[in-house]
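Take a look at the structure set out below.
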Amino acid sequence: MRNLPRLDLNVLPVYNMGYNGSGIRISVLDDGIEHNHTDLRSNYDPEISWDCNDNDPNPQPRYENLSKNSHGTRCAGEIAMTANNHKCGVGVAWGARIGGVRMLDGRITDRVEGEAIGFAWDKVDIYSASWGPNDDGKTVEGPGRLANHAFERGVTKGRGGKGTIYVWANGNGGGNKDNCNCDGYSSSIYTISIGSASQHGLFPWYGEICSSTLATAYSSGAYKDQKIATTDTGDSCTLSHTGTSAAAPLAAGIIALALQANPNLTWRDVQHLIVWTSDYAPLSNNPGWQINGVGLRFDIRFGFGLMNAAALVTTALNWTTVPEKFTCQIETVVYVCNPGRCLLLYI
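Using UniProt numbering, the letters of the sequence shown correspond one by one to residues 1 to 347.
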């Protein structure tokens, strides 16, 4: 441990500035959230919580198989564990309100995804999701019609028109040579794709490469490396949360701090801020970094670098809103002719 660099997302200076996520509402889309957990109950927000699997307002995980239904509770703890209660730890945005949508413990369809991604869109500030297509190195999938509609409604109408923030883990299929470009959720223009780095600042064995990764947070690495401490089902704690599943909630918590500091940030502002303030230096020992056209370092494993909470929040305080997304469409005319008639197609 003495030879390790300081593992720091630079959150403590933000607390000293007076920000803890207060007033921000975050929903975890997963297999449920143990909302009566000692470290979660005081920050739990039932108004932004739902059970898509059983169609009721209680997102409590199913307890028949705890090992398979603790994922959402672990992610929620990273974001908003209660401070100073001597339980599991403290969430990055320990003053935020945390909710959950149970949607992974059953058959997952476009309808379920659309319902989850769009649930309480007029109330939620940030959605955190740590799931995607099968990490088998051969599956290419993305949001269906209903899920895409939910994304579009969130970024255009959520947060009073400023746009809901969607934070997405970019996948754990590196061992199968999976590529997150084939994941239509984390590579969506509407989501913030988060990868992970080990305690040594290295690219983990499970990591996926793709051009859509925006930034990185710490998580597990090699077998004996540190993992993430957080809440667990059964009102317990764990030191073993892993993968990009654990990185994305840390990013969501940091973004909550920025939204508290500047509630006028749009969904595109947040993306730009992450690009400008993420830190290359802690990951600089990894070869392959490139400099883009505006002089920023970028890597297809780490995006623009390790998230830096203090830099993000400080920059957000005096940020000038970027323009709305510009869409350019080019229409192609195709003539399909058969004997006796021609068909004109606009694509």
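C-beta atoms are modelled at their ideal positions from N, C-alpha and C, and glycine is treated no differently.
- Message: Going by C-alpha to C-alpha distance, which of Glu-115, Val-124, Val-14, Glu-64 sits closest to Gly-23?
- Response: Val-124
- Residue environment, Asn-338, which counts as buried when at least 16 other CB atoms sit within 10 Å: exposed
- What's the C-alpha gap between Asn-176 and Arg-301? 15 Å
- Does the stretch 269-282 touch the stretch 312-328, meaning 3 or more C-beta pairs lie closer than 8 Å? yes
- Item | Distance between beta carbons of Thr-231 and His-71, contact taken as under 8 Å | In fact, because the Cβ distance is near 11 Å, the residues do not count as touching under 8 Å.
- Query: In angstroms, rounded to a whole number, what distance separates the CA positions of Asp-56 and Ile-108?
  - Reply: 16 Å
- Do you know how far the Cα of Leu-202 is from the Cα of Val-101? 32 Å
- Nonlocal neighbours in the same chain, by C-beta distance under 7 Å from residue 349, ignoring five residues either side: The chain is shown from 1 up to 347; residue 349 falls before or after that span and cannot be answered.
- Query: Where DSSP assigns a beta bridge to Gly-99, which residues make up the other side?
  - Reply: Ser-27
- Message: With DSSP as the reference, identify every bridge partner of Phe-298, one or two as the case may be.
- Response: Gln-290
- For the putative contact between Pro-282 and Leu-306, defined by C-beta atoms under 8 Å, what is the C-beta separation to the nearest angstrom? 5 Å
- Message: Quick check on Pro-204: buried or exposed, where buried means 16 or more other Cβ atoms within 10 Å of its Cβ?
- Response: buried
- Can you name the residues that DSSP bridges to His-241? Ile-228
- Task: Whole angstroms is fine: what's the gap from Ile-228's alpha carbon to Gly-160's?
- Result: 34 Å
- Cα-Cα separation between Val-14 and Glu-64, rounded to whole angstroms: 40 Å
- Below 8 Å on the Cβ atoms is my guess for Pro-143 versus Glu-113; work out the distance and round it to an integer in Å. 7 Å
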